[in-house]
Amino acid sequence: MKEEKWSSLVEHVTNRHENCHHGVLNGERQWLREGSRAHKLFRDVVESKFLLKDIGKLSPLHQTYGLEVFHSVVNTFAPKSTHFFYPAMLARLSVAALHFNQNGHRNQAVTKAGELQWHISYPKGKKENMLL
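Just add 198 to wherever you are in the sequence shown, counting from 1, and you've got the working numbering.
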């Protein structure tokens with residue numbers, strides 16, 4: 199099922215939506231021309247046997263994003279490069295859990311005009327590429 203849904207992207211990007219579950223698409227959109235070089239390259243990527251094998255292994259119910267975010271918060275309060283004795287580590291992990299539970303499901307910040315607010319950073323390791 200997942201592989202078929204993933205493979206349907208090849209037709210979806212050419213504005214063929216016979217088997218799509220979404221409603222009518224409104225507005226101007228740019229579509230790939232079927233048979234064009236871009237469409238052939240896209241098809242090669244989407245229908246790659248290695249990628250299709252991985253798509254089949256994706257969990258339908260559980261993603262690890264939340265756990266990865268929690269581990270990032272833990273690393274903020276208790277860096278791996280620093281040694282902590284048990285009471286200090288327990289306190290830091292408790293503070294990290296409290297922080298995550300308080301802030302983990304907040305809505306995105308908005309400007310005074312009501313638009314979503316973004317923060318752009320330029321980390322040195324990414325060589326001038328920005329991250330949102």
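Heads up, the beta-carbon is just placed ideally off N, CA and C, and yes, glycines get one too.
Measure the beta-carbon distance from residue 205 to residue 245 and round it to whole angstroms, keeping in mind my assumption that it falls under 8 angstroms. That pair is a contact at about 6 angstroms.
Inter-residue CB distance, residue 290 and residue 275 (contact presumed, cutoff 8 angstroms): At roughly 5 angstroms, the Cβ-Cβ gap stays under 8 angstroms, so residue 290 and residue 275 are in contact.
Quick one: what does DSSP say residue 314 is sitting in, helix, strand or coil? Residue 314: strand per DSSP, three-state reduction.
Cβ-Cβ separation, residue 306 to residue 315 (assumed contact under 8 angstroms), whole Å: Between residue 306 and residue 315 the Cβ distance is about 7 angstroms, and since that is below 8 angstroms, they are a contact.
Using CA atoms only, rank isn't needed, just tell me which of 281, 212, 279, 222 is closest to residue 230. Here the closest residue by C-alpha is 212.
Measuring only the C-alpha atoms, how far is residue 242 from residue 293? In this structure, the alpha-carbon of residue 242 lies about 47 angstroms from that of residue 293.
Pick helix, strand or coil for residue 319, following the three-state DSSP scheme. Here residue 319 sits in strand by DSSP.
Looking only at its chain, what residues have a beta carbon closer than 7 angstroms to the beta carbon of residue 282, apart from the 5 residues adjacent to it on each side? Closer than 7 angstroms at Cβ, skipping near neighbours: 276, 290.
What's the gap between the Cα of residue 227 and the Cα of residue 248? C-alpha separation (whole angstroms): 30 angstroms.
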